Amino acid sequence: MRTLHGYLLRRVAGALMLSMLVFTAVLMLASGMKDLLRQMITGQVPIEVVVKAFVLLAPYVVTFSLPMGLLASVLLVFGRFSADQEYTAARVGGVSLMAMAAPLLLMGMLLSGLAAFVNLEVAPRCKGMSKDLVHEMVMEYLTRQPAKLLQEKEFITEIPGYLIRIGEQESVGEGGELALKDVLIHQF
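Note that numbering that gives the first Met the number 0 numbers the sequence shown so that position 115 is 114, with each residue one more than the last.
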């Protein structure tokens, strides 16, 4: 019986790690980091800040990926267990489904406690630190080079009531100052 429990726990733990990794990566890229990646691409935020923000946002995303990963891994392992007729062999050997699943239920309860701790304590702190980090970096960047936010030959519509277009930017002097040419400001 211990051999069967160890086998199932190893299989579920392996599948759980892989599925959590996939779900975490998808959730972080799909929703959590889209604004930060856009700011990195436009040169507003350095890559070190993006990496630090990813690390700080990971506990928040893990609160969603852990339950999904556990569900997916249990379904995969028991689906394979059944497809290979191992479930039938265990049942013929006198092992009930509840006896097979007991260690997995205990593992699920322990992971639920871990998820509750992360969700209630760690994730809110990390999410707040991530937002503060991004805000700090953007504000620092804006004080150094505010003209870098203005993209050439693109319309800026973020300011309500205004439409702004910069034709060209060129570097002036050694301090990184920019000269703007062909500036169009239209007030509605």
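Positions of the beta carbon are idealized from the N, C-alpha and C atoms, including for glycine.
On a predicted model such as this, the values are computed, not experimentally measured, just so you know.
Legend entry - As assigned by DSSP and simplified to three states, the class of I158: Counting from 1 along the sequence shown, the entry for residue 158 is found at position 159. Here I158 sits in coil by DSSP.
Inset, instruction - Return helix, strand or coil for S95, following the three-state DSSP convention. - result: What you label residue 95 is simply residue 96 of the sequence shown in a count that begins at 1. Coil at S95, not helix or strand.
Legend entry - Spatially closest choice to Q150 from D181, L109 and L20, by CA coordinates: Counting from 1 along the sequence shown, the entry for residue 150 is found at position 151. Ranking D181, L109 and L20 by Cα distance to Q150 puts D181 first.
Inset, instruction - Put G78 into one of helix, strand or coil per three-state DSSP. - result: By one-based count along the sequence shown, residue 78 stands at place 79. It is helical.
Inset, instruction - Indicate whether the contact test is met: 3 or more Cβ pairs, each with one atom in the segment 110-126 and one in the segment 48-65, closer than 8 Å. - result: Under the 8 Å Cβ criterion, the segment 110-126 counts as touching the segment 48-65, having at least three qualifying pairs.
Legend entry - Inter-residue CB distance, M136 and V48 (contact presumed, cutoff 8 Å): Locating residue 136 in the sequence shown gives position 137, counting from the first residue. Locating residue 48 in the sequence shown gives position 49, counting from the first residue. Right, the Cβ-Cβ distance comes to about 5 Å (below 8 Å), so this counts as a contact.
Legend entry - With 16 other Cβ atoms within 10 Å as the buried cut-off, status of F22: Numbered from 1 along the sequence shown, position 23 holds the residue referred to as residue 22. Result: buried.
Inset, instruction - Taking the CB atoms as reference points, tell me whether L7 and P102 lie closer together than 8 Å. - result: As a first step, residue 7 must be located in the sequence shown, where it is residue number 8. As a first step, residue 102 must be located in the sequence shown, where it is residue number 103. A contact, by the Cβ cut-off of 8 Å.
Inset, instruction - With a cut-off of 8 Å on the beta carbons, I'd call L177 and Q186 a contact; round off their distance for me. - result: For the purposes of this step, residue 177 is taken as the residue at position 178 of the sequence shown. For the purposes of this step, residue 186 is taken as the residue at position 187 of the sequence shown. Incorrect: roughly 23 Å between the Cβ atoms, too far for contact.
Legend entry - 7 Å CB neighbourhood of S64 in its chain, flanking five on each side removed: Numbered from its first residue, the sequence shown carries residue 64 at position 65. Excluding residues within five positions, the ones whose Cβ falls inside 7 Å are M19, F22, T23 and L26.
Inset, instruction - Return the CA-CA distance between Y59 and N118, expressed in angstroms with no decimal places. - result: Translated into the one-based positions of the sequence shown, residue 59 becomes position 60. Translated into the one-based positions of the sequence shown, residue 118 becomes position 119. Rounded to the nearest angstrom, the two C-alpha atoms are 7 Å apart.
Inset, instruction - Report the three-state DSSP secondary structure of D131 (helix, strand or coil). - result: Here residue 131 refers to the residue found at position 132 when the sequence shown is read from its first residue. If DSSP states are grouped into helix, strand and coil, D131 belongs with the helices.
Legend entry - Cβ distance (whole Å) where L3 is taken to contact A89 below 8 Å: Translated into the one-based positions of the sequence shown, residue 3 becomes position 4. Translated into the one-based positions of the sequence shown, residue 89 becomes position 90. Sure, about 6 Å apart at Cβ, within 8 Å.
Legend entry - Identified DSSP bridge partners for K180: Along the sequence shown, one-based indexing puts residue 180 at 181. For K180, which the question treats as bridged, DSSP gives the partners E167.
Legend entry - Extent of the continuous alpha helix (DSSP H) run through M13: By 1-based counting over the sequence shown, the position of residue 13 is 14. Rather than Met, the amino acid found at residue 13 in this sequence is Gly. Note, G13: alpha helix (DSSP H), R1 to L26.
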